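Numbering (the working numbering), first residue to last: 4 to 353. Ideal Cβ positions, reconstructed from N, Cα and C, are used throughout, including at glycine. Predicted model only: the values in this text are computed from it and were never measured. A short write-up of the structure that comes next.
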Ligand code: PMV
């Protein structure tokens, strides 16, 4: 019989780029997001004598997402060791905390014999929201599903793709909320993400927009505009009409500026990208207030160089990477054995 100390699970999950709909998604409008080709791996085993992360005792100051995942999911006394290998640059606006959360939850679920992706997306959202406060399940569902997704509140589902799952937030003293996640077609695209280096906190930006939306009809109209732009983008992405998609990105960026989440350092990167011949569109991505932008361009290398020259850090990422995967061996090990078994049988604790 397999003992607890023999158990090990290795799981990876991708980063993400929010293509359209950030902030508006908090107000019932849809958002579109795509997984990237950057991945974070998490390995969990039960061989230790205390709870550790990369050899250090787990600590909420350094391992907030992982500790929340362990507290919420690991209902056994046996200590676990967690090893992480982050392929998604942190604080880059490309979903590093969601990738880490989904990979860790995926590994824990496997050890616990839980194998449904919808269950994983739900658990990962609870962990992310439990760690960082408010927000939608856009990042965790993208990291779980991979490819492209549309998401909006379940009382007005996106209705633009094939339904994958619902994700709910239920918390004492808070109104129940539920989101519907759909699969959408997105083309194979390489985009350039530019990080301004100015840290914008998602919870602060979401609270700032809530305050502005209560007071100001211009902000509410801009959020509704973003909703319309997002819906228009779906068929254009499917049709690979990149010129029209780029034009919508520029419009979405202007609307996000009206919402109040643009930042001079991000604007400088957007301008640098747009000034480079071959660029079809550029917009901020994610919560804003600093953070990152991305550009759709026929010349990714030239745009990456322009972003760097404008003071940003550029990442060239491919959209549409696979979602959560489980592996037989850690990343980097000679691994024809890496099973990438998204729907494979779970390890069970016996
Ligand atoms: O900055 P990110 O990648 O966490 O994206 C935030 C997107 C918001 O719409 C502003 C909030 C949310 O959780 O949907």
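Starting from residue i and walking both ways along the beta strand (DSSP E), at which residues does that stretch end?
i	result
residue 72	No beta strand (DSSP E) contains residue 72, which is instead part of the alpha helix (DSSP H) from 67 to 76.
residue 264	First-last for residue 264: undefined, no H or E at that position.
residue 99	First-last for residue 99: 99 to 114, but that is the alpha helix (DSSP H), not the beta strand (DSSP E).
residue 47	34 to 48
residue 1	Residue 1 is absent from the structure shown; the chain starts at 4 and stops at 353.
residue 170	165 to 172
residue 185	180 to 187
residue 326	No beta strand (DSSP E) holds residue 326; DSSP gives it neither H nor E.
Is the beta carbon of residue i within less than 7 Å of some heavy atom of the ligand PMV?
i	result
residue 133	no
residue 21	yes
residue 139	yes
residue 290	yes
residue 159	no
residue 25	yes
residue 208	yes
residue 228	no
residue 29	yes
residue 205	yes
residue 169	no
residue 136	no
residue 96	yes
residue 40	no
residue 294	yes
residue 224	no
residue 63	no
residue 48	no
residue 142	yes
Report the residue from the options whose alpha carbon sits nearest the alpha carbon of residue i.
i	options	result
residue 292	202, 153, 304	202
residue 94	196, 115, 262	196
residue 264	235, 280, 290, 282	290
residue 20	71, 70, 50, 99	99
residue 68	22, 53, 131	131
residue 1	220, 254, 219, 268	Look at the range of the chain in this structure, 4 to 353, and you will see that residue 1 is not part of it.
residue 78	86, 116, 266	116
residue 312	294, 271, 144, 55	271
residue 308	288, 320, 279	279
residue 233	153, 64, 266	153
residue 168	182, 178, 176, 175	182
residue 84	119, 241, 54	54
Examine the ligand NAD and report whether any of its heavy atoms sits within less than 7 Å of the Cβ of residue i.
i	result
residue 260	Absence of the ligand NAD from the depicted structure is noted, with the ligand PMV being the only ligands included.
To which residues does DSSP link residue i through a beta bridge?
i	result
residue 203	In the DSSP output, where bridge partners are listed per residue, residue 203 has none listed.
residue 321	193
residue 25	The partner list for residue 25 (beta bridge, DSSP) is empty, contrary to what the question assumes.
residue 140	Beta-bridge pairing links residue 140 to no other residue.
residue 214	DSSP output for residue 214 lists no bridge partner at all.
residue 125	DSSP, once it has assigned bridges, lists no residue as partnering residue 125.
residue 295	198, 288
residue 333	According to DSSP, residue 333 bridges with nothing at all.
residue 89	43
residue 300	282
residue 17	42
residue 153	35, 185
residue 84	48, 55
Which residue comes first and which comes last in the alpha helix (DSSP H) that contains residue i?
i	result
residue 236	220 to 241
residue 310	303 to 312
Closer than 8 Å, CB to CB, is residue i near chain C or not?
i	result
residue 68	Judged by its chain identifiers, the structure shown contains no chain C, having just a single protein chain.
Problem - Three CB pairs or more closer than 8 Å across the stretch 248 to 266 and the stretch 283 to 302 - result: In this structure the stretch 248 to 266 lies against the stretch 283 to 302, because at least three pairs of beta carbons, one per stretch, are closer than 8 Å.
Practice task
Determine, using beta-carbon pairs with one atom in the stretch 14 to 33 and one in the stretch 209 to 229, whether at least three such pairs fall under 8 Å.
Solution key: Short answer: they touch.
Handout entry: Touch test, the stretch 12 to 21 against the stretch 102 to 112, Cβ-Cβ under 8 Å, three pairs minimum
Key = In this structure the stretch 12 to 21 touches the stretch 102 to 112; the number of beta carbon pairs closer than 8 Å is three or more.
Exercise for the section: Determine contact between the stretch 155 to 166 and the stretch 254 to 273, defined as no fewer than three beta-carbon pairs at a distance below 8 Å. Expected result: Taking a contact to require three or more Cβ pairs closer than 8 Å, the stretch 155 to 166 and the stretch 254 to 273 do not qualify as touching.
Practice task
Determine, using beta-carbon pairs with one atom in the stretch 132 to 150 and one in the stretch 203 to 213, whether at least three such pairs fall under 8 Å.
Solution key: Output reads yes: the stretch 203 to 213 touches the stretch 132 to 150.
Handout entry: Segment contact flag, the stretch 183 to 198 with the stretch 210 to 225, C-beta cutoff 8 Å, min 3 pairs
Key = In short, these stretches do not touch, since the Cβ pair count stays below three.
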